[in-house]
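Chemist: Sharing a structure with you now.
Numbering (the UniProt record's numbering), first residue to last: 1 to 306.
In C-alpha cells, the structure reads:
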C-alpha cells in the first residue's frame, strides 16, 4: 500500500469513528459550500480532499460498508483517473447501469434495513434534502443533521479560510447606488409581508452591496452573508472592511464578523403576521435556527435583480 493510500485509509477510519459517535450509518459530502457555489475556496473543497476527485461537481457518500462517488458524464473519465478505486466506487451517472445518489440511498436501505444518513445542514439546499429524504422509506431511516462538519474534524492540513480585501465599485460602473437597491428590495419586502430577507448567494450579495472581492479564484466575490431588515442591512464578512469602506456605506450597510451570522439569525425579531424571506434554495438549517420563536417563512427568489 502506498503512503497516499495508507493516509487515505487512516483518514477514512477516523471518519468512521465519527459516524459511530454520532450514531449514523453514512455521511454525505457534497461539492458545494455554504453559499451553494460550484467553484469553492480551497478550504471548502471537502469532497476533493477526501476522495481525490477535483472536478467541480460530484457528491460523495461515506460509510464503513463502502464509499461512493457520484459524477455526471463530464467527469466519468476524470473520476476514474483521480480516485482510489480500492476505497471508492465511482458511479457514472447517466449510464444505463449507474446509480444516482438518491437511487443508491434507496438501494443501500434495501440491503441494510434502517439507514441513518448524516449531513452538514449548512451545505445542502432544500431541494437536495427533500430528494434524499424521499429515497428513505424504512421505519427509523432518516437524514440526520450534524452541526459540525465531520470532514473538517479530521482534515489535519486544511488550508485557512480566505479573507481577501473587499472593495466598492463606483456607481458609474454598477449603474445604481446601493441605497437605491436596498430601497427597492425593502419595497418588495413590504409588499410581500417580509420583515427580514436572508441572502446567502455570493453573487447576489455582491450585486446588492456594489462590493467585490477575490475569495474565490476567477470570481469577483467575497465570502459573506447579508440580512436586510426594514431599518438596517448587515453584511457578515471574513475580511475586515477598511475604515474608508465602512464610512462610505454608513447608513446603508453595517458589517459584522462572518462567524456572527448564525447567532444574528437566531436573534431576529419578526413581528406577528410577518415573515422571513428565504430563497427556496437556501439551506435547511436556516429554518431550524431562525428566530428565537416560531415564525413564518416565505420561499421566493431573492428580489435582488429588481
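Positions of the beta carbon are idealized from the N, C-alpha and C atoms, including for glycine.
1. Examine the Cβ distances between the segment 56-70 and the segment 87-104 and report whether three or more of them are shorter than 8 Å.
2. In angstroms, rounded to a whole number, what distance separates the CA positions of residue 11 and residue 51?
3. Could you check how far apart the C-beta atoms of residue 250 and residue 210 are, in whole angstroms? I think they sit under 8 Å.
4. Leaving aside the five residues before and after residue 219 along the sequence, list all residues of the same chain whose C-beta is less than 7 Å from its C-beta, in chain order.
5. Assign residue 28 to buried or exposed, taking buried as 16 or more other Cβ atoms, counted over all protein chains shown, within 10 Å of its Cβ.
6. Within 10 angstroms of its Cβ, does residue 263 collect 16 or more other Cβ (buried), or is it exposed?
7. Just curious, the alpha helix (DSSP H) that residue 107 is in, first and last residue?
8. Using CA coordinates, which residue listed in 197, 115, 230 is at the minimum distance from residue 280?
9. With DSSP as the reference, label residue 237 as helix, strand or coil.
10. With DSSP as the reference, label residue 1 as helix, strand or coil.
11. Give the secondary structure of residue 92 by DSSP, where H, G and I count as helix, E and B as strand, and everything else as coil.
12. Identify the residues that DSSP records as bridge partners of residue 116: which are they?
13. Thinking C-alpha only, which one of 60, 55, 61, 105 is nearest residue 82?
14. Could you tell me which residues DSSP pairs with residue 256 in its beta bridges?
15. Please return the same chain residues whose Cβ sits closer than 7 Å to the Cβ of residue 102, not counting the five positions on each side in sequence.
16. Is the beta carbon of residue 77 within less than 7 Å of some heavy atom of the ligand COA?
17. Considering only their Cβ atoms, is the gap separating residue 47 from residue 31 smaller than 8 Å?
18. Does residue 276 come out as helix, strand or coil in the three-state DSSP assignment?
19. Name the two residues that bound the continuous beta strand (DSSP E) containing residue 196.
Modeler: Straight from the coordinates:
1. yes
2. 11 Å
3. About 14 Å separates the two Cβ atoms, so there is no contact after all.
4. 39
5. buried
6. exposed
7. 101-112
8. 197
9. strand
10. Bear in mind that a pLDDT of 46 at residue 1, under 50, signals an unreliable position, so the model cannot answer this.
11. strand
12. 142
13. 55
14. 236
15. 131, 132, 135
16. Looking for the ligand COA in the displayed structure turns up nothing, as the structure carries no ligands at all.
17. yes
18. strand
19. 194-199
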